[in-house]
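Input: a single structure, listed below in structure tokens.
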Amino acid sequence: MDKKEETIYCGSGKVMNPKWLKVTINPSKISEYIQEYNGNKFIKLNINLKDEADQYGKDVSISVDTWKPEPQAEKTTDTSNDLPF
0 MDKKEETIYC GSGKVMNPKW LKVTINPSKI SEYIQEYNGN KFIKLNINLK
50 DEADQYGKDV SISVDTWKPE PQAEKTTDTS NDLPF
């Protein structure tokens, strides 16, 4: 079974209206997770709406998305049982 990685919280915010979230992100907590693709830098984040606001009125939680796909084992082709035609 896979070991669950620790959640890296990097910010929080508030729902201002159904189409607008106002958030703050701590860049020092995300700097080591910056990725590069085709010369562009990016970071994957998870933004979750909390069921209740915390003591500071924050009802949005932001964490780093650290999910990585499992490396696929290289397929070997067994041709010993193949017919010659």
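Numbering (numbering that gives the first Met the number 0), first residue to last: 0 to 84.
Backbone N, C-alpha and C define an ideal beta-carbon position, used for all residues, glycine too.
In or out: residue i buried (at least 16 other Cβ within 10 Å) or exposed?
i     : result
SER27 : exposed
SER30 : exposed
MET0  : For MET0, the predicted model reports a pLDDT of 49, less than 50, meaning its position is unreliable; a value from the coordinates is still stated below. Result: exposed.
Shortest alpha-carbon distance to residue i belongs to which of the options?
i     : options                      : result
LYS13 : THR6, VAL63 and LEU48        : LEU48
GLY10 : GLU4, LYS67, LEU20 and GLN71 : LEU20
State the beta-bridge partners of residue i as determined by DSSP.
i     : result
GLU31 : Bridge partners of GLU31: none, in fact.
Is the distance from the Cβ of residue i to the Cβ of residue j below 9 Å?
i     : j     : result
VAL59 : LEU44 : no
TYR8  : ILE42 : no
THR65 : TYR32 : yes
First and last residue of the beta strand (DSSP E) that includes residue i?
i     : result
LYS21 : 19-24
GLY38 : Per DSSP, GLY38 belongs to no beta strand (DSSP E) and is neither H nor E.
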